[in-house]
Structure formats: structure tokens, C-alpha cells
């Protein structure tokens with residue numbers, strides 16, 4: 001029961017800070033930070049206990065019992081959960097500390113701390129769930145928290161629009177997730193992991209008939225349907241194509257929440273869910289292929305878009321999209337351990353990069369356009385050197401955590417057969433692109449001639465210790481995380497299944513060499529273009545205008561969605577409002593009101609107070625009565 005405090009401490013923090021927001025104000029961190037430190041320490045204890053013993057399972061209480069339906073809230077901590085707990089609590093603790101400096105003086109200071117505590121609680125409950133329903137409940141809670149945090153600056157129209165976009169796009173994926181849950185319940189009679197996994201083998205060969213789009217029926221595997229429906233939720237949450245469009249807009253929120261969303265919470269939930277449900281996905285080769293292809297497409301698309309972005313946070317955001325594609329691709333190829341390994345190392349260096357962006361933004365009075373930066377490495381030395389470490393890790397530079405995890409992922413993917421080998425080649429190409437845009441960001445922001453606004457150039461300085469200390473911790477983690485033996489630690493969770501279990505020595509060395517070569521080539525190309533020949537990129541952009549515009553406008557996917565879905569939906573809604581709401585519903589209500597008013601007007605005419613009118617009325621009444629009498 002002690003480990004129930006891991007999520008409960010952030011929950012208590014949310015309740016105390018949220019309820020007492022009006023009086024706690026700028027002291028909110030005095031509650032929030034100790035709560036997160038306590039949660040982190042308990043996570044370390046849980047990791048130790050799981051590493052030296054068996055998985056921990058605790059049934060906290062029964063939520064609902066009806067007939068054969070028994071729904072409970074519980075926690076389950078195995079090796080996969082334990083490493084996720086360390087990731088979430090580590091990054092969240094550092095983000096809490098960083099927020100003290102970043103949000104200092106903001107009117108919503110306490111509210112922000114309350115929301116990130118609730119966000120952390122929701123993510124911890126998600127990864128500790130021992131059943132699919134609990135996972136889904138906190139899956140939705142994570143989505144709600146992201147909406148609140150992205151829209152924290154609610155007075156900005158762009159922040160409100162971004163929050164709404166994230167919420168709606170994720171609902172599309174979650175609709176498929178809900179259908180998948182219904183199908184799991186219908187097929188297994190339970191949503192508990194243990195029960196579902198135990199019976200999964202019996203369902204592997206079961207098929208059902210679906211009505212085809214052009215008549216006839218399709219014979220479809222039930223397991224494939226379950227896996228693909230559940231995967232739609234992961235596509236939305238982990239920003240995979242085609243539901244990736246919300247992720248860059250999430251940059252409208254404060255930078256600390258960008259780090260938390262991209263490094264340890266929301267976007268990692270989808271990858272974690274696929275890894276957690278590995279016993280189901282392993283029984284559906286079709287679903288695995290779809291997962292791998294979606295991941296590979298996302299990996300390459302995100303990298304090509306990041307090449308030309310000028311907003312410092314959006315470059316890092318698209319790198320997140322690309323790196324998530326790597327992880328999803330690995331899971332689709334059965335290399336779950338490698339995918340989770342990269343997720344964990346990525347959490348360290350991606351949090352570092354986002355928080356580094358935040359330091360630059362604060363130093364430049366909230367400037368985010370790279371074209372208005374430059375020459376900052378001497379003025380922001382701590383930020384520069386830590387940002388450089390994060391960029392090296394993202395680029396897969398030798399001896400960094402990103403080098404070990406990405407190479408392990410690519411080697412494991414190569415071992416998955418012909419499809420894995422094709423996708424590994426795509427991964428190698430993407431590795432070169434990743435190194436290029438990572439160091440394009442470094443060189444344009446920190447090197448070269450300063451393009452900082454002259455009004456602010458003389459006041460650029462390193463931010464407070466509460467902001468630089470987390471950067472230094474994350475820089476260390478971005479190196480040492482590669483030496484912790486995470487794949488071997490996680491392998492028992494997946495029982496040696498998948499491609500990650502078999503590496504061919506010569507192929508592994510070749511892939512590692514190629515990945516390193518691609519990374520160094522990307523760094524060299526960025527140095528040549530943005531340091532040695534800073535005018536060349538603009539000339540190349542003009543020469544290759546079509547390709548440049550395609551990347552700059554994100555392959556026009558947002559525009560396509562706007563024309564295909566958003567505008568028709570708004571037009572249909574406006575038509576319904578005009579012809580149904582106004583014409584029929586309002587018309588009926590207003591028509592009744594007008595009829596009553598007209599009837600009242602007629603009756604009022606008989607009450608004029610003039611004798612001749614009453615006499616006329618009596619005469620007309622007598623005539624009517626006499627006429628009726630004579631006719632009858």
C-alpha cells in the first residue's frame with residue numbers, strides 16, 4: 001500500500017494548491033515540489049523491489065460490481081511500470097523546480113502548479129493500471145490536463161485554439177480506443193490485463209465477418225480488430241500520422257508543460273500502451289505491420305518538417321514526433337525493449353532541449369523565432385553547453401544516451417526480417433536528417449552573428465538557478481542513461497519476444513557504423529550551411545522553392561484537414577443552426593408567442609371601455625346565436 005503514495009502525493013498537491021490557490025499564490029511550489037520529490041523517492045524504492053523480486057500488485061478498492069462485472073482500481077508495478085515511474089517522476093520533479101523560475105510573477109502561478117500535479121497523478125495512475133478500463137480513465141484524464149495546460153494562457157486566442165485542437169484530435173483516436181475496449185470486453189468478458197493475456201491465445205485464430213465497402217463480406221481476425229482499434233488511441237496520443245497535427249500547436253502552452261508533455265507524459269502514453277499490450281499485438285502480424293508502417297511514416301514526416309521550421313520550440317516539437325515514430329516502428333517490429341529504451345533516453349534529452357528552449361525564450365523576453373537569435377553561447381553558457389549535450393544525444397552522437405538507444409533500436413529493427421530491414425534504412429536516413437536539424441537549431445540560435453533585438457541585446461543573461469540546475473541534471477542523464485542496461489532489464493517483461501532478442505554481430509556493427517556516419521554527416525552539413533556559409537540556405541530555399549515550401553507548411557496537412565473536415569463541418573453546423581435552430585425551433589417557439597400575443601390583442605379590443613363597442617358586441621353575438629338556431 002505504501003506505493004499507492006506514488007500517485008497520491010501529486011494528487012494531494014493538486015488538491016491543496018488548487019483549493020488554496022487564492023491564499024497560497026506564489027508559495028505553491030512549497031507544496032508541489034516536496035510532493036514530487038517524495039513520489040520520485042518512492043518510485044526508486046519500487047524499482048529496487050521489482051528488480052530484486054516479483055511484480056507488485058495491489059487492489060486498492062472495488063469500483064463497481066454488477067453480475068459478472070467486477071471493476072476495481074488497483075496498481076501493478078512490474079519492470080516496465082517501474083522504469084516508467086522513474087521517467088515520469090524524474091522529469092516532473094525537474095519541471096516543477098524549473099517552473100519556479102519560469103513562471104515567477106505569473107498571475108496563474110498556483111493554478112499552473114496544480115495542473116501539472118494533476119497531470120503527473122494521471123500519468124502515474126495510467127502506467128500503474130492493472131486493467132484496461134483504469135488505463136482508459138486516466139488516459140482521458142491526461143488528455144484533459146493537456147487541454148488545461150496548453151490553454152493556461154487562456155487570454156491568448158492562439159492558446160485556446162491549440163488546446164481545443166489537441167482535445168478534439170485526441171477524441172478522434174479515443175473513439176477507436178473505446179470501440180476496442182468494447183470488443184475486448186465482448187471477447188474476453190474482462191478488462192483485466194492478467195485475464196485478457198491469459199486467454200489471448202484462444203482468440204488468436206478467431207475471425208468474424210464484416211460488411212465490405214462494395215458489398216460482400218470480409219473475414220477479419222478479431223485480434224487484429226482489437227489491436228488496430230486500440231492503436232487508434234495511441235495514434236492520437238503519441239502524435240502519429242494522421243493524428244499528429246495537434247502536437248506542434250501544443251507549443252502555445254508554457255515551456256515547462258511542453259517539456260512534460262513531450263518527454264514523459266502524454267505522448268509517451270501511446271507507446272507505453274502498445275508495449276504493455278505486447279501479448280495481444282504479437283498475435284496479430286497484420287496489426288504489427290500497420291503499427292510499424294505508421295511509425296516509420298511518422299518518423300520520416302516529422303524529420304522533413306523540422307528541417308525548415310523557424311520557431312525554436314516547433315523544431316523540437318517535430319523532433320518529438322519523429323522520435324516517437326522510431327519508438328512506434330520498433331514496437332511494430334516486435335522490438336519492444338528497444339522501443340522503450342529509446343523512450344526513456346529520449347525523455348531525458350527531450351526534456352533538456354525544451355527546458356533549454358525555455359531559458360533562451362526567457363532571456364530574450366519571450367522571443368521564439370530563431371532568425372532573431374544568434375551569438376548566444378557566450379551570454380548563456382550553461383544553457384548553451386547543456387543544450388549542446390541534448391542535441392548531441394538527439395543526433396545519436398557516440399557515447400551519448402541517444403547513440404546507444406537509437407542504435408539498439410535500429411539493430412533490433414534490422415533483425416525483424418525484410419520489412420524491418422527496409423524500415424531500418426528509412427531510420428538511417430532519418431538519423432541523418434535528425435542530426436542536421438538538431439545542429440541547425442544549435443548553430444542558428446547560439447553561434448554566428450547576433451540578430452537579437454537591440455532593445456534586449458544588452459540585457460541577455462542566464463536565468464535563475466531554479467532553471468539552470470534542472471538543465472545540468474538532465475544533461476548528465478542524457479549521457480549516463482545509455483549505460484544503465486535498460487534493454488536487459490526490460491527483456492523479461494516481453495519474455496524474449498520480438499526482434500530485439502536476436503542481433504547478428506556483423507549486421508549490428510554495420511548498422512551502428514552507418515547510423516554514426518549519418519549523424520556526423522548531418523552535423524557536418526549543418527555546420528557547412530549555417531556556420532561556414534550562412535547565406536547559402538536562403539539561396540537553396542529559393543532554388544528548391546517547392547520542396548522548401550512543402551516542408552515549411554508541414555506538407556499542407558493542416559490545410560488539407562481544414563478544407564476536408566473543419567470547413568465542411570463548420571458549414572454544416574451553420575446550416576443546421578440557420579435552418580433548424582433558428583427557422584424551426586426558434587420559429588416554433590416564437591410563433592406560439594406571436595399567436596398568443598395576437599389572440600390577446602383581439603381580446604383586448606373587446607375591453608375598450610366604450611359603451612357603443614359593448615353594444616355592438618352584444619348585437620353581433622345575438623345575430624350569431626340566432627343564425628345558428630335558425631340553421632339547426
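Numbering (our numbering), first residue to last: 1 to 632. No residue lacks a Cβ here, since even glycine has one placed at the ideal position from N, Cα and C. Computed from a predicted model, the values in this text were never measured in an experiment.
Asked	Found
Across the segment 15-22 and the segment 110-117, are there enough close Cβ pairs to call them in contact, namely three or more that are closer than 8 angstroms?	yes
Mapping DSSP to helix, strand and coil, what is residue 498?	Because residue 498 sits at a pLDDT of 45, beneath the cut-off of 50, its placement in the model cannot be relied upon, and the following sentence gives the value as read from the coordinates. Here residue 498 sits in coil by DSSP.
Could you pull the start and end residues of the alpha helix (DSSP H) that residue 260 belongs to?	255-263
So the alpha helix (DSSP H) residue 174 belongs to, where does it begin and stop?	157-188
Going by CA-CA distance only, name the one from 423, 460, 262 and 520 that's closest to residue 348.	262
Less than 8 angstroms between the C-beta atoms of residue 436 and residue 525, yes or no?	yes
Determine the direct distance from the alpha carbon of residue 100 to that of residue 31, and round the result to whole angstroms.	12 angstroms
Which class does residue 587 belong to by DSSP, given the choice of helix, strand or coil?	helix
Does DSSP classify residue 23 as helix, strand or coil?	helix
What is the DSSP secondary structure of residue 267, reduced to helix, strand or coil?	helix
According to DSSP, is residue 623 helix, strand or coil?	helix
List in chain order: all unbroken alpha helix (DSSP H) runs of 4+ residues lying wholly within the segment 418-456.	418-446
Decide if residue 252 is buried, meaning its Cβ has at least 16 other Cβ atoms within 10 Å, or exposed.	buried
Under 7 angstroms Cβ to Cβ from residue 78, same chain only, skipping five residues before and after it: list those, please.	50, 55 and 493
Taking the DSSP output, what are the residues bridged to residue 74?	59
Pair every Cβ in the segment 366-378 with every Cβ in the segment 441-448, then say whether three or more of these pairs are closer than 8 angstroms.	yes
Residue 120 and residue 88 - do their beta-carbons sit closer together than 8 angstroms?	yes
May I have the straight-line CA-CA distance separating residue 40 from residue 171, to the nearest angstrom?	31 angstroms
If you draw a straight line from the alpha carbon of residue 577 to that of residue 570, how long is it in whole angstroms?	10 angstroms
Residue 201: buried (16+ other C-beta within 10 angstroms of its C-beta) or exposed?	exposed
Please tell me whether residue 277 and residue 204 are closer than 8 angstroms, where the distance is taken between their beta carbons.	no
Considering just the uninterrupted stretch of the alpha helix (DSSP H) at residue 120, what are its terminal residues?	109-128
State the DSSP-derived secondary structure class of residue 378, mapped to helix, strand or coil.	coil
Around the C-beta of residue 487, are 16 or more other C-beta atoms found within 10 angstroms, so that it is buried, or is it exposed?	buried
Identify, in the order they occur along the chain, each residue of the same chain with its Cβ nearer than 6 angstroms to the Cβ of residue 405, setting aside the five sequence neighbours on each side.	341, 342 and 345
Which of the three DSSP states is assigned to residue 307 in this structure?	coil
According to DSSP, which residues form a beta bridge with residue 149?	Answer by DSSP bridge pairing: none, since residue 149 is not bridged.
Distance, Cα to Cα, residue 508 vs residue 429?	17 angstroms
Where residue 389 and residue 475 are concerned, what is the direct C-alpha to C-alpha distance, given to the nearest angstrom?	6 angstroms
Buried or exposed for residue 306, going by 16 or more other Cβ atoms inside 10 Å?	buried
Say whether the segment 161-181 touches the segment 237-250, bearing in mind that this needs 3 or more beta-carbon pairs closer than 8 angstroms, one atom from each stretch.	yes
With distances taken between CB atoms, is the gap from residue 419 to residue 335 smaller than 8 angstroms?	no
Have a look at residue 325 and residue 457 and give me their C-alpha separation to the nearest angstrom.	38 angstroms
Taking residue 223 as part of the alpha helix (DSSP H), name the residues at either end of that continuous run.	222-237
Quick one: grab the DSSP three-state call for residue 521.	helix
Buried or exposed: where does residue 479 fall if 16 or more other Cβ atoms within 10 Å of its Cβ makes it buried?	buried
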